[in-house]
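Only one structure is covered here, and it is reproduced in the block below.
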Amino acid sequence: GGVSEQGKEDALGAKAAEEGKRLKEEQRYLRGLFSGGTLCAEALFLLSKKGITAWSNIHPDSKLKLVDLWKSREHCLVDLGDDVFTVGRPHPMIDPTLRIERILREAEDPETAVLLLDIVLGYGAHPDPGGVLIPSIAKAKHEVEKRGGYLSVVASVTGTDQDPQVYSLQKEKLEKAGVAILPSNAQAALYAAMVLEKGQKI
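Residues in the sequence shown are numbered consecutively from 1132, following this note's numbering.
Following this line, the structure appears as structure tokens:
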């Protein structure tokens, strides 16, 4: 029979509660750092349905358009594939430098509670898109812990075991680094919302 959908949902809720209760009082914002514009738009839409209004450089509502793309504010989802970021450098699916820097910068903000990431596999993507982010994720988590807080890092891995980067290997590496891996970008966004909710940061 396998695990029922309800069982899976309850387990996720318990895991989100576990993460949420470790957040400090001032940790209340979600920061999404995306390499895929479509995935960023999907997360933005789903979070708004959950009552989380986020700023974004691809927000359809001009009032919520991020003006300074280099600096996050409140709940914020950034598409790092935006032209502003890719001038003179490869797309973030190929070159992770920008996302690595941004992960560390978000961790410096005492109000950051959850980081939401998309890991995209396939030909033409980075040869180890999850693995290459792990040192910065570990450092970010450590920095936040030094302040007595907790950084929840949530991601989805888009791809299969047939991809050159191998889905199961990427998932395993990231989970070992303390990242919550969800089966889809949509579920990752909803799980991130759950962590905030359980931490009563909404």
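Beta carbons: idealized from backbone N, C-alpha and C, even for Gly.
Review point. Quick one: any contact between the segment 1246–1255 and the segment 1289–1306, if contact means 3 or more CB pairs under 8 angstroms?
Key: Yes: at least three Cβ pairs fall under 8 angstroms.
**Study point:** Expected contact under 8 angstroms - CB spacing of Val1285 and Ala1319 to nearest Å
**Key:** Cβ-Cβ separation between Val1285 and Ala1319: approximately 5 angstroms, consistent with a contact (criterion under 8 angstroms).
Check your understanding: Is the CB-CB distance between Tyr1281 and Arg1159 below 8 angstroms?
Key -> No; because the gap between Cβ atoms is not below 8 angstroms, this pair is not in contact.
Check your understanding: DSSP on Gly1168, reduced to helix/strand/coil?
Key -> Of the three classes helix, strand and coil, the one that applies to Gly1168 here is helix, per DSSP.
**Study point:** Rounded separation between Asp1213 and Ile1265 - CA only
**Key:** Looking at the backbone, the Cα of Asp1213 and that of Ile1265 are separated by about 23 angstroms.
Exercise for review: Provide the residue span of the alpha helix (DSSP H) that contains Thr1243, from first to last.
Suggested key: First-last for Thr1243: Thr1243 to Val1251, but that is the beta strand (DSSP E), not the alpha helix (DSSP H).
Check your understanding: Would a C-beta distance cut-off of 8 angstroms place Asp1240 and Gln1296 closer than the cut-off?
Key -> Not closer than 8 angstroms, so no.
Check your understanding: Which term fits Asp1210, buried or exposed, when burial requires 16 or more other beta carbons within 10 angstroms of its beta carbon?
Key -> With 16 or more other Cβ atoms within 10 Å, it is buried.
Check your understanding: If you scan the segment 1265–1329 from start to end, which runs of the alpha helix (DSSP H) of 4 or more residues do you find wholly inside it?
Key -> Whole alpha helix (DSSP H) segments, 4+ residues: 1265–1277, 1298–1307 and 1316–1329.
Review point. By Cβ distance, which residues of its chain are closer than 8 angstroms to Leu1196, with the 5 residues on each side in sequence left out?
Key: Note on identity: in this sequence residue 1196 is Lys, with Leu being the wrong assignment. Take Lys1196, set aside five residues on each side of it, and the residues of its chain with a beta-carbon closer than 8 angstroms to its own are Trp1186, Ser1187, Asn1188 and His1190, in chain order.
Review point. When DSSP builds the beta bridges, which residues end up paired with Tyr1160?
Key: Per DSSP, the beta bridge partners of Tyr1160 are Thr1243.
Practice item. Decide if His1206 is buried, meaning its Cβ has at least 16 other Cβ atoms within 10 Å, or exposed. Key: In summary, His1206 is buried, with 16 or more beta-carbon neighbours lying within 10 Å of its beta-carbon over all protein chains present.
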